[in-house]
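Just so we're aligned: the sequence shown equals residues 340 to 492 in our numbering.
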Amino acid sequence: MSNGPHAKLAELGLTLPDVVPPVASYVPAVQSGQHVYVSGQLPMAEGKLLATGKVGAGVSAEQAKDLAQRCALNALAAVDSLVGLENVVKIVKLTGFVASAPGFTGQPGVINGASDLFGAVFGEAGRHARSAVGVSELPLDSPVEVEVIVEVG
């Protein structure tokens, strides 16, 4: 299993964090049939939001891209705790939300932070359908949020 998802994360210098506890009335992830639906993940680390504010005003697009990667890493932690990353067959769909300042239109580039991580960890199985949406506000004033649907086997 030297080329499995945990090994790929290690090659990238990343480790799975603890699952982020929900900030409201939901669970981090739920399995239904062959799919795991991961709740929206914020860029949290050790119980704290890594940044707040709007992308394009106070939060740079590059910083937001890194935050989106952290959201994806948190999503992988939720999947791993539920079914194990080694059981991921395909990342099916990623929806990324970007708290955007007026006039900011770089949402796709921001959400590439999450997409690129899934590609690096799962290769072809990490390629997915995607939406990148600009919104006026996100929970806790987070700059980004990512939710994922994963096929497992």
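The beta carbon of each residue, even a glycine, is placed where N, CA and C say it ideally should be. On a predicted model such as this, the values are computed, not experimentally measured, just so you know.
Item                                                                                                                    : Value
Sequence-distant residues of the same chain with beta carbon closer than 7 Å to Gly458, five excluded per side          : Gly465 and Arg466
Alpha carbon of Asp455 to alpha carbon of Ala411, nearest angstrom                                                      : 10 Å
Under the three-state DSSP convention, the category Gly435 falls into                                                   : strand
C-alpha gap between Gly473 and Ser481, whole angstroms                                                                  : 13 Å
Pick from Val418, Phe443 and Thr444 that is closest to Gln373, judged by C-alpha positions                              : Val418
Terminal residues of the alpha helix (DSSP H) in which Gln446 lies                                                      : Gln446 to Phe461
Neighbourhood of Ala400 by C-beta distance below 7 Å, restricted to the same chain and skipping five residues each side : Val394, Gly445, Gly448 and Val449
C-beta atoms of Val358 and Ala416 nearer than 8 Å                                                                       : yes
Of the listed residues Ser364, Lys432 and Gln402, nearest to Ala414 (C-alpha basis)                                     : Lys432
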